[in-house]
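Everything below concerns the one structure shown next.
Residue numbers (the numbering used here): 15 to 460.
Structure follows, in structure tokens:
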């Protein structure tokens with residue numbers, strides 16, 4: 015894989031790690047016109063078989079990762095996801111920093127105040143994750159990174175674990191043999207294949223205990239009820255002991271139900287104010303409400319009102335690429351094509367691997383009779399999504415405006431090969447054949 019280029023864009027530089035079903039690599043993004051090239055993380059999944067369930071799960075989990083990273087700066091952004099050569103690829107933001115195994119490792123202990131800060135920092139991120147009804151499923155020091163600015167970043171969410179589990183189940187393994195998570199950090203219900211939001215609370219609690227007593231969680235003894243025996247091994251305040259002990263209760267219903275409940279109690283116990291990140295999470299929710307209302311108005315063709323809502327969503331969250339894209343669509347409906355292109359450009363800067371963004375940008379350029387530039391955008395869309403029949407059709411139409419008829423004919427035919435009942439493409443192809451004096455070929459193509 016070293017040296018390989020994926021999608022004519024991501025060049026593999028070195029391997030970062032490997033597991034049973036895949037590998038992780040560092041790559042350079044060749045599309046960005048700067049030197050040195052920016053780096054990203056490539057996760058390569060190699061399932062033993064691919065079927066509709068695996069593909070659906072991959073797309074579903076990737077979309078969740080995309081949504082999580084888009085709206086929180088302490089979760090890696092997902093740049094792209096795709097299938098190539100019966101393998102799945104995730105392209106994620108590279109986090110410049112180190113994981114917490116460098117702070118929580120044999121021979122190293124954290125003091126009480128450091129552990130409280132660790133709990134606060136990770137719970138802040140988890141409040142956002144749990145609010146989206148998503149479970150991380152593998153919280154441990156190796157999956158918490160400290161960025162160069164000192165902030166913690168939560169990495170390695172559940173997509174690989176979920177897909178590997180589905181593959182294992184299809185291969186005849188039971189959920190008990192799969193072990194989704196990491197021994198010692200994983201509570202009983204998760205080991206049985208039934209993770210809860212409180213499973214993440216347990217894993218974080220075990221991480222805190224490890225930091226305090228310098229002992230790997232799987233080495234900790236248990237009593238007859240399955241409860242972890244740890245309290246007498248460390249000198250910390252009773253308040254923190256009680257808090258962590260509730261996090262790691264054996265029965266999931268006796269723990270904090272989710273990160274929000276744990277976070278609020280931690281703040282109350284130690285007298286902390288509400289942090290900026292929680293306020294930001296509420297602003298993100300408001301941004302999403304504005305976006306959805308804008309979509310409703312767009313569907314009702316109330317374009318000016320929709321623009322107002324999209325503008326509000328973007329003002330709250332300037333990285334909201336879906337809002338930038340839909341704002342562009344709304345402006346295009348009003349024939350304000352130059353403004354639409356500016357909006358599409360904003361969306362593309364944030365998420366360059368979305369075929370729809372490039373397609374709609376190309377359509378707006380074509381409406382401004384900037385045909386050569388439009389074709390460049392259409393070809394970007396095709397590179398991302400080769401079976402996008404509408405792009406092939408509009409590429410053909412635009413080529414004909416430039417009097418590049420034979421290329422236009424090939425493009426129409428490609429659209430028809432993807433969607434054989436595409437009547438508009440069939441009609442344009444047949445008219446073009448007649449115009450070129452090749453009408454005799456129509457019957458051969460039908």
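All C-beta atoms, glycine included, are put in the ideal place defined by N, C-alpha and C.
So, do the region 88 to 100 and the region 25 to 40 have three or more beta carbon pairs nearer to each other than 8 Å? Verdict: no, contact absent.
Rounded to the nearest angstrom, what separates residue 449 and residue 428 at their Cα positions? Taking the straight line joining both Cα atoms gives about 19 Å.
Quick one: which unbroken alpha helix (DSSP H) runs of 4-plus residues sit fully inside the region 266 to 328? Chain order, please. Runs found: 273 to 284, 290 to 313.
Ignore the nearest five residues each way along the sequence and tell me which others in residue 426's own chain have a CB closer than 6 Å to its CB. Within the same chain, and ignoring the five residues on either side of residue 426 in sequence, the residues whose Cβ sits closer than 6 Å to its Cβ are 410, 439, 442, 443.
Reduced DSSP category for residue 102 - H, G, I as helix; E, B as strand; rest coil: Strand at residue 102.
Best match in 199, 246, 258 for proximity to residue 230 [C-alpha to C-alpha]: Nearest option by C-alpha distance: 199.
For residue 32, does the count of other Cβ atoms within 10 angstroms reach 16, so buried, or fall short, so exposed? Residue 32 sits exposed, since fewer than 16 C-beta atoms from the chains shown fall within 10 Å of its C-beta.
With burial defined as no fewer than 16 other Cβ atoms inside 10 Å of the residue's Cβ, what is the status of residue 215: buried or exposed? Residue 215 should be labelled buried.
Express the C-alpha separation of residue 397 and residue 189 in angstroms, rounding to a whole number. Model confidence at residue 189 stands at a pLDDT of 43, short of 50, so the residue's coordinates are unreliable; what they give is reported in the following sentence. Straight-line Cα distance between these residues: approximately 39 Å.
Does residue 421 come out as helix, strand or coil in the three-state DSSP assignment? Of the three classes helix, strand and coil, the one that applies to residue 421 here is helix, per DSSP.
With H, G and I counted as helix, E and B as strand and the rest as coil, what does DSSP make of residue 30? If DSSP states are grouped into helix, strand and coil, residue 30 belongs with the strands.
Does DSSP put residue 452 in a helix, in a strand, or in coil? In the displayed model, residue 452 falls within coil according to three-state DSSP, outside both helix and strand.
What are the boundary residues of the beta strand (DSSP E) that includes residue 111? Here the beta strand (DSSP E) through residue 111 covers 111 to 113.
Per DSSP, which residues does residue 36 bridge with? Please list them. DSSP output for residue 36 lists 59 as bridge partner(s).
Residues that DSSP places opposite residue 368 in a beta bridge: Residue 368 is not bridged to any residue.
Once the 5 residues before and after residue 317 are set aside, which same chain residues still bring their CB inside 6 Å of it? These residues qualify, in order along the chain: 344, 347, 348.
Per DSSP, what kind of secondary structure is residue 211 in: helix, strand or coil? Residue 211 falls in the helix class under three-state DSSP.
Cβ contact (3+ pairs, closer than 8 Å) linking the region 360 to 368 and the region 85 to 99: In short, these stretches touch, since the Cβ pair count reaches three.
Please report the distance separating the alpha-carbon of residue 17 from that of residue 71. A direct Cα-to-Cα measurement between residue 17 and residue 71 gives close to 29 Å.
For residue 167, does the three-state DSSP call read helix, strand or coil? It is a strand residue.
Residues in the same chain with beta-carbon distance under 7 Å from residue 311, minus the five sequence neighbours each way, listed in chain order, please. Cβ neighbours of residue 311 beyond the five flanking positions: 319, 320, 323.
Counting pairs of Cβ atoms below 8 Å between the region 137 to 148 and the region 234 to 247, do you hit three or more? The count of Cβ pairs closer than 8 Å, one atom from the region 137 to 148 and one from the region 234 to 247, stays below three, leaving the stretches out of contact.
Output yes or no for whether 8 Å exceeds the beta carbon distance between residue 7 and residue 378. Only positions 15 to 460 of the chain appear in the structure, and residue 7 is not among them; the question remains open.
Can you say whether residue 130 is buried or exposed, counting buried as having 16 or more other CB atoms within 10 angstroms of its CB? A residue is called buried once 16 or more other Cβ atoms fall within 10 Å of its Cβ, and residue 130 is buried on that count.
Count the other CB atoms, across all protein chains shown, that sit within 10 Å of the CB of residue 380; report buried if there are 16 or more and exposed otherwise. Flag for residue 380 reads buried.
What does the alpha-carbon distance come out to for the pair residue 244 and residue 223? For residue 244 and residue 223, the distance between alpha carbons rounds to 8 Å.
Anticipated Cβ contact below 8 Å, residue 158 with residue 166, distance rounded: The pair is a contact, with the Cβ atoms about 6 Å apart (cut-off 8 Å).
Helix, strand or coil for residue 414, going by three-state DSSP, please let me know. Three-state result, residue 414: helix.
Would a C-beta distance cut-off of 8 Å place residue 118 and residue 155 closer than the cut-off? In this structure, the beta-carbon distance from residue 118 to residue 155 falls below 8 Å.
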